[in-house]
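Undergrad: Here's a structure for you.
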Amino acid sequence: MSIFSGKIDILSGCVDSVYISWPKQSLSNLPRIFTRRKIKPTMVLRLPALLRRTRRLLWPRQTDRRLPHTAMTWGDLCTLTGIMFGPAIASSSYSLLSSQDSIAPTVPEFTAQDNWRALGLQSLQLAGATAYISLRKIDLLPWNLRPTLRGTAIGLGLFAACGVLFDAAYTAYGLFTKCEETHIEGAAKDDDASETAASISVSPSLIAYAILNGFYEEFFFLVLCLSLPTKSTRLLYLYSVVARTAFHTYQGLFNAALIGAGLGTVFYLAAVRCPGQRIYPFVLAHVLGDIFGVGIYTLLFPQDSGNP
């Protein structure tokens, strides 16, 4: 008489449970370590299902296999985050750890060669993300990038709103930060900064990279993230803020938090209320921010921004 019996889940290809039964007449033959515990004639030992439950949580099975597409899952979103922003998060974290002042806002300068290199890398990453979405047949929210007059007005409004927010944040940061430099050194540094801001040239490499980067980031946050059918919108919002902050830490923790929590919140709230998932206004605002910088006062009055 066999004492082993089991049940195998054919669909998942793994053992669901194993039953081990001992007849009453064979209890006397068991070792003393078992007989002391007064084991019942029938014992049920269930195998640990932690890995199986984790897999079902991240990549749940499609209930109706006749459907041509599958819904976005947390596992898909984390995988796409690694594909699209993994190298940027790693390099940004390295720059943050190697910097002397990790909190102060810094804006590094990029050459035309750096812009073209970043453009090529993002193109490859976008192709990899597209291939993953196609292979998984992930169902995305409907979206379009068609330029319209109304969308242009909304994009300019978003750019202006974020500029005012950034100007207020930088003003507050300057008021509450103790400067160790003298007044003359600070004035000279501000004059140099104003001359640099006034002499900013818009190069073709900067325009090309800004266009791709604006679409690249907003496509992830406003299309891929919002395609996740989850009831926990707060968790999704927090995930988007953390992800947007993570790959901007090379600009300092203050800038990264301002971009992730400030700009990310404005874009998220506007996107939730934007019908049809029109991402053109957000891409336009992002492109303008990459080209001219996020700040209204410094953009309109570059000479006055350096005066003490």
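When we follow my numbering, the leftmost residue of the sequence shown carries the number 1416, and every step to the right adds one.
Note that CB positions come from ideal geometry on N, CA and C, so glycine has one too.
Whose C-alpha, out of 1665, 1716, 1713, is nearest the C-alpha of residue 1509?
TA: For the purposes of this step, residue 1509 is taken as residue 94 along the sequence shown, with counting starting at 1. Comparing Cα-Cα distances from residue 1509 to each of 1665, 1716, 1713, the minimum goes to 1665.
Undergrad: For residue 1706, which three-state DSSP category applies?
TA: Reading the sequence shown from its first residue, position 291 is the one you call residue 1706. Looking at residue 1706 - three-state DSSP - the assignment turns out to be helix.
Undergrad: Going residue by residue through the segment 1536 to 1588, where are the continuous alpha helix (DSSP H) segments of at least 4 residues, counting only ones entirely within it?
TA: Fully enclosed alpha helix (DSSP H) runs of 4 or longer: not present.
Undergrad: If the criterion is Cβ atoms closer than 7 Å, does the pair residue 1505 and residue 1662 meet it?
TA: The count along the sequence shown starts at 1 and reaches residue 1505 at position 90. The count along the sequence shown starts at 1 and reaches residue 1662 at position 247. Cβ atoms of residue 1505 and residue 1662: not closer than 7 Å.
Undergrad: Between residue 1658 and residue 1556, what straight-line distance do the alpha-carbon atoms span, to the nearest angstrom?
TA: Within the sequence shown, residue 1658 is the residue found at index 243, counting from 1. Within the sequence shown, residue 1556 is the residue found at index 141, counting from 1. Going by the C-alpha atoms only, they are around 20 Å apart.
Undergrad: What would DSSP say about residue 1607, mapped onto helix, strand or coil?
TA: To locate residue 1607, count along the sequence shown from 1; it is residue 192. No answer about residue 1607 holds up, because its pLDDT of 43 lies below 50 and its placement is not dependable.
Undergrad: Excluding sequence positions up to five away, which residues of its chain have a Cβ less than 8 Å from the Cβ of residue 1668?
TA: For the purposes of this step, residue 1668 is identified with residue 253 of the sequence shown, where counting begins at 1. Here the set comprises 1511, 1517, 1518.
Undergrad: Distance check for residue 1693 and residue 1681, CA to CA, integer angstroms please.
TA: Within the sequence shown, numbered from 1, the residue matching residue 1681 stands at position 266. Within the sequence shown, numbered from 1, the residue matching residue 1693 stands at position 278. Those two C-alpha atoms are separated by around 15 Å.
Undergrad: What would DSSP say about residue 1486, mapped onto helix, strand or coil?
TA: Position 71 of the sequence shown, counting from 1, holds the residue named residue 1486. It is a strand residue.
Undergrad: Excluding the 5 residues flanking residue 1522 on each side, which residues of the same chain have their C-beta closer than 8 Å to its C-beta?
TA: Within the sequence shown, numbered from 1, the residue matching residue 1522 stands at position 107. For residue 1522, where only same-chain residues beyond five positions count, the Cβ hits under 8 Å are 1666, 1670, 1708.
Undergrad: Is residue 1649 helix, strand or coil when you go by DSSP?
TA: The sequence position of residue 1649 within the sequence shown is 234, counting from 1. In the structure shown, residue 1649 sits in a helix (DSSP, three-state: H, G or I).
Undergrad: Assuming residue 1619 is part of the alpha helix (DSSP H), what are its boundary residues?
TA: Here residue 1619 refers to the residue found at position 204 of the sequence shown. It spans 1619 to 1634 - the alpha helix (DSSP H) in which residue 1619 sits, taken as one unbroken run.
Undergrad: Looking only at its own chain, which residues have a Cβ that is under 8 Å from the Cβ of residue 1638, when we skip the five neighbours before and after it?
TA: Locating residue 1638 in the sequence shown gives position 223, where the first residue counts as 1. So the qualifying residues of the chain are 1555, 1556, 1558, 1692, 1694.
Undergrad: Helix, strand or coil: how does DSSP classify residue 1532 here?
TA: The count along the sequence shown starts at 1 and reaches residue 1532 at position 117. It is helical.
Undergrad: Cβ atoms of residue 1499 and residue 1642: under 7 Å apart, would you say?
TA: Within the sequence shown, residue 1642 is the residue found at index 227, counting from 1. Within the sequence shown, residue 1499 is the residue found at index 84, counting from 1. Contact flag unset, no.
Undergrad: Please report the distance separating the alpha-carbon of residue 1491 from that of residue 1652.
TA: For this step, residue 1491 is matched to residue 76 along the sequence shown. For this step, residue 1652 is matched to residue 237 along the sequence shown. Whole-angstrom Cα-Cα distance: 16 Å.
Undergrad: Tell me which same chain residues have a C-beta within less than 7 Å of the C-beta of residue 1706, skipping the five on either side of it?
TA: Stepping through the sequence shown from its first residue, residue 1706 is reached at position 291. For residue 1706, where only same-chain residues beyond five positions count, the Cβ hits under 7 Å are 1617, 1621, 1622, 1625.
Undergrad: Classify residue 1543: buried if its beta carbon has 16 or more other beta carbons within 10 angstroms, exposed otherwise.
TA: Translated into positions along the sequence shown, residue 1543 becomes position 128. Flag for residue 1543 reads exposed.
Undergrad: Which class does residue 1659 belong to by DSSP, given the choice of helix, strand or coil?
TA: Counting from one through the sequence shown, the residue named residue 1659 turns up at place 244. In this structure, residue 1659 counts as helix in the three-state DSSP scheme.
Undergrad: Note down, in chain order, each residue of its chain lying with its Cβ closer than 8 Å to the Cβ of residue 1660, except the 5 sequence neighbours on either side.
TA: The residue given as residue 1660 occupies position 245 in the sequence shown. Correct list, in chain order: 1671, 1672, 1674, 1675, 1676, 1679.
Undergrad: Terminal residues of the continuous alpha helix (DSSP H) containing residue 1672?
TA: Along the sequence shown, one-based indexing puts residue 1672 at 257. Start and end: 1668 to 1672.
Undergrad: Rounding to the nearest angstrom, what Cα-Cα distance links residue 1549 and residue 1701 in this structure?
TA: For the purposes of this step, residue 1549 is identified with residue 134 of the sequence shown, where counting begins at 1. For the purposes of this step, residue 1701 is identified with residue 286 of the sequence shown, where counting begins at 1. Their Cα atoms are separated by approximately 26 Å.
Undergrad: Alpha carbon to alpha carbon, what distance is there between residue 1520 and residue 1713?
TA: Working through the sequence shown from its first residue, we reach residue 1713 at position 298. Working through the sequence shown from its first residue, we reach residue 1520 at position 105. Going by the C-alpha atoms only, they are around 15 Å apart.
Undergrad: Kindly indicate which three-state DSSP category residue 1714 falls into: helix, strand or coil?
TA: Taking the first residue of the sequence shown as position 1, residue 1714 is located at position 299. Looking at residue 1714 - three-state DSSP - the assignment turns out to be helix.
Undergrad: Counting C-beta neighbours from all protein chains within 10 Å, is the total for residue 1686 16 or more, i.e. buried, or is it exposed?
TA: The residue given as residue 1686 occupies position 271 in the sequence shown. That one is buried.
Undergrad: Straight-line CA distance for residue 1579 to residue 1585?
TA: Taking the sequence shown and counting its residues from 1, one reaches residue 1579 at position 164. Taking the sequence shown and counting its residues from 1, one reaches residue 1585 at position 170. Between residue 1579 and residue 1585, the C-alpha separation is close to 10 Å.
Undergrad: Let me know if residue 1640 comes out buried or exposed under the rule of 16 or more other beta-carbons within 10 Å of its beta-carbon.
TA: Here the question's residue 1640 lines up with position 225 in the sequence shown. Buried is the call here.
Undergrad: For residue 1635 and residue 1497, I'd like the C-alpha separation in whole angstroms.
TA: Here residue 1635 corresponds to residue number 220 of the sequence shown, with the count starting at 1. Here residue 1497 corresponds to residue number 82 of the sequence shown, with the count starting at 1. So the two alpha carbons sit approximately 12 Å from each other.
Undergrad: Taking Cβ to Cβ, would you say residue 1684 is nearer than 7 Å to residue 1537?
TA: Taking the first residue of the sequence shown as 1, we reach residue 1684 at position 269. Taking the first residue of the sequence shown as 1, we reach residue 1537 at position 122. Against a cut-off of 7 Å, the Cβ pair of residue 1537 and residue 1684 comes out as no contact.
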